[in-house]
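Quick note on our numbering: the sequence shown kicks off at 560 and runs consecutively.
Positions of the beta carbon are idealized from the N, C-alpha and C atoms, including for glycine.
Please read the structure below before turning to the comments.
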Amino acid sequence: MTSNKGKLAIVTGASTGIGYELAKCCARDGFDLLVAADEPEIQQAAHDFQSLGVNVEAIQADLATTEGVDALYTATRGRAVDALLANAGRGLGGAFLDQDFSEVRHIIDTNITGTIYLAQKVGRDMRARGQGRILFTGSIAGFIPGTFNAAYNGTKAFVDSFSFALRNELKDSGVTVTCLMPGATETEFFERADMVDTKVGQSRKDDPVDVAKVGFEAMMNGEGDVVSGWKNKLQSAAAAVTPSGMLAEQHRKMAEPGSAKK
Ligand code: NAP
Numbered sequence: 560m561t562s563n564k565g566k567l568a569i570v571t572g573a574s575t576g577i578g579y580e581l582a583k584c585c586a587r588d589g590f591d592l593l594v595a596a597d598e599p600e601i602q603q604a605a606h607d608f609q610s611l612g613v614n615v616e617a618i619q620a621d622l623a624t625t626e627g628v629d630a631l632y633t634a635t636r637g638r639a640v641d642a643l644l645a646n647a648g649r650g651l652g653g654a655f656l657d658q659d660f661s662e663v664r665h666i667i668d669t670n671i672t673g674t675i676y677l678a679q680k681v682g683r684d685m686r687a688r689g690q691g692r693i694l695f696t697g698s699i700a701g702f703i704p705g706t707f708n709a710a711y712n713g714t715k716a717f718v719d720s721f722s723f724a725l726r727n728e729l730k731d732s733g734v735t736v737t738c739l740m741p742g743a744t745e746t747e748f749f750e751r752a753d754m755v756d757t758k759v760g761q762s763r764k765d766d767p768v769d770v771a772k773v774g775f776e777a778m779m780n781g782e783g784d785v786v787s788g789w790k791n792k793l794q795s796a797a798a799a800v801t802p803s804g805m806l807a808e809q810h811r812k813m814a815e816p817g818s819a820k821k
């Protein structure tokens, strides 16, 4: 444990996957935790984090809503937030025209609206104190037009871009902003996004333990961004020089419903 003992980190989407591992990284480093997710499983996760010897409070709230974000922010009860790990997010597979629009809207409201609303509230306090760390979980999906994940990849393009812009706005403030950009990672993401029958859903994926470690270290070092894993680094470098139409076609092969069997 380091000198972060007694400091507070907020981790959203901490009940499973990358967020669960990010919260563990924070706890191992001494941060007290305020963790949030939409389902009751967040209580069990909080119990796990407590066993690492830090104070933990869990909030069950839909962070797609302003009320949910307000409830999370209120739970700080004015205590300074040293690190915000804005990680909660969802995917949504399938053809856009066949998706239920309320589901499309919910991923936009979770991945974008709720994420930046929370970042604004916590970020204002950090700027006033002249210190703080913000980590967004973006994605390498933000570099690639997401055929059969059109809205999801769009939300991650937003988060990746937003993170760099906010970082620059805060460059002289003492507040750092970092974007973690994972590739396909072994979490509940693909099942929840109804993508188990896709090639990417069935592919070998990164371990969320490794992904979170890379993201946590980048945040602590105040880096601008980090792509986790060398394959994903190659993929994102290639995406930068590949025409968008070609990227969209490549994405179709990985994410088309039923592509696992092709
Ligand atoms: P995951 O296991 O499904 O975890 C998602 C977490 O976000 C859960 O704790 C979930 O809690 C929470 N969450 C989702 N919607 C929420 C809402 N409206 N309000 C509150 N909490 C909400 O998936 P994951 O892979 O760890 O995803 C974490 C982040 O990584 C996401 O932003 C995702 O876009 C990003 N990412 C994932 C991958 C990948 O391949 N897995 C790749 C790149 C980026 P509830 O179950 O309670 O809703």
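Taking the Cα of Q679 as reference, the smallest distance to any Cα among L643, V613 and I577 is reached at L643. In the structure shown, A642 adopts extended strand secondary structure according to DSSP, grouped into three states.
G804 carries a helical assignment under DSSP once its states are collapsed to helix, strand and coil. Here the segment 603 to 620 does not lie against the segment 724 to 737, with fewer than 3 beta-carbon pairs under 8 Å apart. Rounded to the nearest whole angstrom, the C-alpha separation of T669 and S562 is 32 Å. The way I'd put it, the segment 617 to 624 doesn't touch the segment 708 to 728; fewer than three beta-carbon pairs between them come closer than 8 Å.
R763 and A743 have their C-alpha atoms some 8 Å from each other. For T633, the secondary structure class from DSSP, reduced to helix, strand or coil, is helix.
By the Cβ criterion, the segment 748 to 762 is not in contact with the segment 785 to 795, since fewer than three pairs of Cβ atoms, one from each stretch, lie closer than 8 Å.
Contact between the segment 587 to 599 and the segment 570 to 579 is present, with at least three C-beta pairs closer than 8 Å.
Around G697, the same chain offers K715, V718, D719, S722, C738, L739 and M740 as residues with beta carbons nearer than 7 Å, after the five sequence neighbours per side are excluded.
Between L694 and V628 a beta carbon distance of about 17 Å is seen, past the 8 Å cut, so the two are scored as non-contacting.
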